[in-house]
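Okay, so here's the structure we're looking at.
Number of protein chains: 2
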Amino acid sequence: MDTSFDIESFFNKFSCDCKKAQRKTFSKNQVITTYIQKRNQLCILLSGHADLVRYDLNGNRTIVEHFSKNALFGEVFYQVTTNNELLVEARSSCTVLFYIYDQLKEPCTKNCEFHSTLSEHLPELILNKITDLNTRIELLTQRSTRDKLLMYFSLISTRKLSKTFELPFSLTDLADYLNVDRSAMMRELKLLKEDGLVEKIGNRIILLYE
Amino acid sequence: MDTSFDIESFFNKFSCDCKKAQRKTFSKNQVITTYIQKRNQLCILLSGHADLVRYDLNGNRTIVEHFSKNALFGEVFYQVTTNNELLVEARSSCTVLFYIYDQLKEPCTKNCEFHSTLSEHLPELILNKITDLNTRIELLTQRSTRDKLLMYFSLISTRKLSKTFELPFSLTDLADYLNVDRSAMMRELKLLKEDGLVEKIGNRIILLYE
DNA sequence: TTTTTTCTGTTGCATAAGTCACATATTATT
DNA sequence: AATAATATGTGACTTATGCAACAGAAAAAA
Chain A
1 MDTSFDIESF FNKFSCDCKK AQRKTFSKNQ VITTYIQKRN QLCILLSGHA
51 DLVRYDLNGN RTIVEHFSKN ALFGEVFYQV TTNNELLVEA RSSCTVLFYI
101 YDQLKEPCTK NCEFHSTLSE HLPELILNKI TDLNTRIELL TQRSTRDKLL
151 MYFSLISTRK LSKTFELPFS LTDLADYLNV DRSAMMRELK LLKEDGLVEK
201 IGNRIILLYE
Chain B
211 MDTSFDIESF FNKFSCDCKK AQRKTFSKNQ VITTYIQKRN QLCILLSGHA
261 DLVRYDLNGN RTIVEHFSKN ALFGEVFYQV TTNNELLVEA RSSCTVLFYI
311 YDQLKEPCTK NCEFHSTLSE HLPELILNKI TDLNTRIELL TQRSTRDKLL
361 MYFSLISTRK LSKTFELPFS LTDLADYLNV DRSAMMRELK LLKEDGLVEK
411 IGNRIILLYE
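Protein chains in written order, with the working numbering: chain A, 1 to 210; chain B, 211 to 420.
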């Protein structure tokens with residue numbers, strides 16, 4: 001998520017005196033939070049990468065959302081509908097700001113600069129979240145595994161402004177993100193290579209079309 | 211979407227003097243808007259039902275989102291990634307409020323009551339939109355057609371607080387919404403009936419489990 | 001009303017995609 | 001450096017889902 005406003009460096013300069021925010025760091029694979037209704041938690045990812053992951057009763061794992069710098073997450077945004085486990089897991093080492101949504105909304109009595117600036121930028125951050133979610137839906141509504149792969153590659157390619165890029169996921173995770181079986185995805189990836197649409201060197205993807 | 215705040219009746223009482231909003235009505239199947247980047251349009255559905263529909267090059271139709279009373283939509287929320295057509299179509303007769311997002315943000319000079327009240331309630335409306343999108347993702351990440359149907363039924367059932375309910379979609383539309391082939395969905399629906407999980411009388415679904 | 005259009009329900013068939021299983025490569029951990 | 005753990009790559013087999021086609025029902029238009 002690319003925002004002109006860099007929350008992390010801003011937070012470092014004007015740390016929040018009002019004590020409404022908690023800042024924590026996490027190492028890879030640690031659980032950042034779980035989604036349990038009622039707490040109304042709102043989190044901001046200051047640095048690193050994290051995933052919202054769902055484990056269902058059949059042992060299937062789904063990466064519901066992927067978060068990078070400046071992303072918002074937390075159960076304020078979530079109506080927990082199923083009784084599946086929903087965890088946010090750190091994909092790399094992460095720094096996270098924890099808020100209670102209702103406290104964030106009401107004006108800060110201490111009038112600390114960080115708090116007011118964050119409120120000012122909140123609409124922008126939220127709009128980014130919504131477009132991310134809509135893009136996620138576009139991806140998931142692709143009909144075939146091939147279409148999902150091609151759209152996913154194209155998204156990263158335009159974001160990186162290059163036909164060559166590193167995958168931010170392992171292939172196992174990518175399958176869980178695209179909601180397809182891993183071995184089926186591998187097969188399709190091979191076909192894409194055979195059809196001369198894609199090249200893959202280690203973790204690096206090269207798009208050969210257009 | 212159930213909000214305590216009813217925009218429609220409020221708008222009727224204190225109609226917006228500042229002329230920033232345009233209110234229009236649409237009849238069934240009319241195109242309310244198309245998603246073209248740059249205009250930054252934000253729309254509010256005051257009454258009726260509408261769908262965001264995508265037509266791809268193979269003639270496939272996808273219902274990307276379904277909107278009901280108080281729903282927000284428009285291209286502010288959308289990063290148009292593919293070159294597919296994206297239309298919002300009225301499913302029933304609709305009343306829609308059109309805004310330009312940037313104008314909505316800045317404080318109203320005329321200080322009209324509607325405008326300020328809307329701004330006040332905007333965070334709540336936006337939060338609803340985000341939880342809707344997340345629920346949509348939950349639905350789309352169900353693995354099988356059966357799971358999609360069961361989750362969809364369960365969502366409506368909890369919303370209506372009843373194991374018996376009318377489908378707000380035709381079966382053709384439902385298939386486009388669940389992103390599955392219609393005849394495959396019909397087959398699965400038959401199996402659900404045969405397994406004694408669901409009963410269907412006309413447009414009415416009865417859940418038989420739990 | 002009659003006619004036309006769209007929706008529902010069902011089938012046979014083709015194929016995309018899931019399941020299982022295993023070998024090798026790569027990455028963590030001790 | 002040795003061992004364990006996890007990720008990648010691939011193949012044989014099964015199954016779910018897509019596709020095409022059609023008849024009857026329901027809804028919309030004439």
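Note that beta-carbon positions come from the ideal geometry of N, C-alpha and C, so glycine has one too.
Small disclaimer: the values here were computed from a predicted structure and weren't measured.
Roughly how many whole angstroms lie between the Cα atoms of residue i and residue j?
i                : j                : result
Lys20 (chain A)  : Gln103 (chain A) : 7 angstroms
Lys373 (chain B) : Phe277 (chain B) : 22 angstroms
Leu399 (chain B) : Ala385 (chain B) : 11 angstroms
Gly74 (chain A)  : Gly59 (chain A)  : 23 angstroms
Leu175 (chain B) : Glu113 (chain A) : Summary: the structure shown does not reach residue 175 (chain B), with chain B confined to residues 211 through 420, and so no result is reported for it.
Arg301 (chain B) : Phe308 (chain B) : 18 angstroms
Ser9 (chain A)   : Leu167 (chain A) : 26 angstroms
Glu124 (chain A) : Asn70 (chain A)  : 11 angstroms
Val180 (chain A) : Tyr387 (chain B) : 19 angstroms
Ser380 (chain B) : Asn413 (chain B) : 8 angstroms
Arg61 (chain A)  : Thr33 (chain A)  : 17 angstroms
Cys43 (chain A)  : Leu296 (chain B) : 32 angstroms
Ser393 (chain B) : Gln41 (chain A)  : 42 angstroms
Asn294 (chain B) : Leu262 (chain B) : 12 angstroms
Asp216 (chain B) : Ile340 (chain B) : 19 angstroms
Leu267 (chain B) : Asn29 (chain A)  : 41 angstroms
Val306 (chain B) : Ser144 (chain A) : 35 angstroms
Asn128 (chain A) : Asn344 (chain B) : 14 angstroms
Phe165 (chain A) : Gly48 (chain A)  : 18 angstroms
Glu316 (chain B) : Ser116 (chain A) : 17 angstroms
Leu365 (chain B) : Gln352 (chain B) : 13 angstroms
Ile411 (chain B) : Lys234 (chain B) : 36 angstroms
Tyr311 (chain B) : Glu409 (chain B) : 45 angstroms
Phe236 (chain B) : Asp342 (chain B) : 23 angstroms
Leu122 (chain A) : Ile336 (chain B) : 12 angstroms
Looking only at DSSP bridge pairs, what is residue i linked to?
i                : result
Ala175 (chain A) : In DSSP, Ala175 (chain A) forms no bridge with anything.
Leu42 (chain A)  : A:Tyr99
Gln232 (chain B) : B:Phe308
Arg61 (chain A)  : A:Tyr55
Ile206 (chain A) : A:Thr164, A:Glu199
Leu282 (chain B) : B:Ile254
Phe67 (chain A)  : A:Ala50
Glu85 (chain A)  : A:Tyr55
Thr33 (chain A)  : A:Val88
With a 10 Å radius around its C-beta and 16 neighbouring C-beta atoms as the bar for buried, classify residue i as buried or exposed.
i                : result
Ala160 (chain A) : Before going on, a small fix: residue 160 (chain A) reads as Lys here, not Ala. Exposed, by the Cβ-count rule.
Glu120 (chain A) : exposed
Arg54 (chain A)  : buried
Asp405 (chain B) : exposed
Asn222 (chain B) : exposed
Leu139 (chain A) : buried
Val241 (chain B) : exposed
Asp2 (chain A)   : Reliability fails at Asp2 (chain A), whose pLDDT of 45 lies under 50, so the model's placement of it is uncertain and the value that follows must be treated cautiously. Result: exposed.
Ile415 (chain B) : buried
Gln22 (chain A)  : exposed
Met395 (chain B) : buried
Thr368 (chain B) : exposed
Would you mind working out which of the options sits nearest residue i, comparing C-alpha positions?
i                : options                                : result
Leu192 (chain A) : A:Leu207, A:Asn12, A:Val96, A:Asn134   : A:Leu207
Gln79 (chain A)  : A:Gln142, A:Tyr35, A:Asn179            : A:Tyr35
Arg249 (chain B) : B:Phe287, B:Asp216, B:Arg233, B:Ala260 : B:Phe287
Tyr419 (chain B) : B:Ala260, B:Gln240, B:Ile254, B:Phe363 : B:Phe363
Leu197 (chain A) : A:Asp147, A:Thr117, A:Cys94, A:Thr141  : A:Asp147
Ser303 (chain B) : B:Leu256, B:Lys339, B:Asn338           : B:Leu256
Arg136 (chain A) : A:Arg182, A:Glu89, A:Val64, A:Ser144   : A:Val64
Val298 (chain B) : B:Leu343, B:Thr292, B:Leu282           : B:Leu282
Thr292 (chain B) : B:Thr368, B:Gln247, B:Ser367, B:Lys410 : B:Gln247
Asp383 (chain B) : B:Thr235, B:Phe236, B:Ala260           : B:Ala260
Q) Which residues, taken in chain order from the region 329-340 of chain B, show a beta carbon closer than 8 angstroms to some beta carbon of chain A? A) Pro333, Ile336, Leu337, Lys339, Ile340
Q. In chain order, what residues of the region 69-87 of chain A put their CB closer than 8 angstroms to some CB of chain B?
A. Val76, Phe77, Tyr78, Gln79, Thr81, Thr82
Q.
If the cut-off is 7 angstroms on Cβ atoms, which residues from the region 129-144 of chain A count as contacting chain B, listed in chain order?
A. Lys129, Ile130, Thr131, Leu133, Asn134, Thr135, Arg136, Ile137, Glu138, Leu140, Thr141, Arg143
Q.
To be precise: take each residue of the region 28-52 of chain A, compare its Cβ to all Cβ atoms of chain B, and keep it if any distance is under 8 angstroms. Which residues remain?
A. none
Q) Mind listing which residues of the region 145-159 of chain A have their C-beta closer than 8 angstroms to chain B's C-betas, in chain order? A) Met151, Ser154, Leu155, Thr158
Q: May I ask you to list, following chain order, the residues of the region 179-210 of chain A that have a beta carbon less than 7 angstroms from some beta carbon of chain B?
A: Asn179
Q. Which of the residues in the region 304-317 of chain B, read from start to end, lie with their CB under 9 angstroms from any CB of chain A?
A. Tyr311, Lys315
Q. Going along the chain, which residues of the region 374-388 of chain B sit with their C-beta nearer than 9 angstroms to a C-beta in chain A?
A. none
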